[in-house]
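> Numbering (UniProt numbering), first residue to last: 1 to 184.
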Amino acid sequence: MKGGVIELGSSGAKNVAMVSRGVSVLDFFLRVIAIVATLASAISMATTHETLPFVTRFIRFRAKFNDLPSFTFFVAANSVVCAYLILSLALSIFHIVKSKAQGSRVVLMFLDTAMMALLTSGASAAAAIVYLAHKGNTKTNWFSICRQFNTFCDRISGALIGSFGGVVILVVLILLSATALARR
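#1: Which parts of the UniProt domain "Casparian strip membrane protein" (21 to 168) are runs of the alpha helix (DSSP H), unbroken and 4 residues or longer, counting only runs that do not cross its ends?
#2: Just checking my contact of Thr-113 with Asn-78 at CB under 8 Å: how many whole Å lie between their CB atoms?
#3: Under 8 Å by Cβ, that's how I've got Ala-34 and Leu-170 pegged, so tell me the actual separation to the nearest angstrom.
#4: Give every residue of the same chain whose Cβ lies closer than 8 Å to the Cβ of residue 185, excluding the five residues on either side of it in the sequence, and list them in chain order.
#5: In angstroms with no decimal places, state the Cα-to-Cα distance between Ile-93 and Val-130.
#6: Verify whether the separation of the beta carbon atoms of residue 190 and Arg-155 is less than 8 Å.
#7: Measure how close the beta-carbons of Val-81 and Leu-118 come, nearest whole angstrom, since I'm counting them as under 8 Å.
#8: Going by C-alpha to C-alpha distance, which of Ala-42, Val-106, Leu-26 and Val-32 sits closest to Gly-122?
#9: Is it buried or exposed, Phe-110, if we count other Cβ atoms within 10 angstroms and call 16 or more buried?
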């Protein structure tokens, strides 16, 4: 200890570098998992449709994701976040190689926060519609459509789970980046 500053030996510096590299590897794998979650959510929602026959076979009721603007926004938000996560893999690999990089971590943390906000808003807007689809609203005479459109409701609910899983992973990524920056 010199003048109130604790000096790390070469083994202490190596330990800090190893922890930083481990955080970067975890960051990479979490990004891959988030890519899968957001991509699966976007594909699941975008391919969701169901048609029910009415009294005759010529009159049919259908439910498609693009009938509701909230679901269209959900697909767009998940797609944008998925594309961002794919592009951010390059910086994540850079952080594995150069564990002392700080400027790029700050940029990545800022962009992760923006993408988390976008994904949260898309998932929340869709969640409101999914709730109405499942429960309805008797005060406004909106009936639950999930009694008739079972497959449609199951798929949109599954898409929401994946999207909110992506939100949780982005929160963890932001915390990891903040922890890696605080260690310096």
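The beta carbon of each residue, even a glycine, is placed where N, CA and C say it ideally should be.
So, from the data block:
#1: Those alpha helix (DSSP H) runs which fall completely within the UniProt domain "Casparian strip membrane protein" (21 to 168) and span 4+ residues are 69 to 97 and 103 to 135.
#2: Not a contact, Cβ separation roughly 17 Å.
#3: 6 Å
#4: Past the boundaries of the shown model lies residue 185; the chain is included only from 1 to 184, so the question cannot be answered.
#5: Their backbone Cα atoms lie some 37 Å apart in a straight line.
#6: Summary: the structure shown does not reach residue 190, with the chain confined to residues 1 through 184, and so no result is reported for it.
#7: Beta-carbon to beta-carbon, Val-81 and Leu-118 are separated by about 6 Å, close enough to satisfy the 8 Å threshold.
#8: Ala-42
#9: exposed
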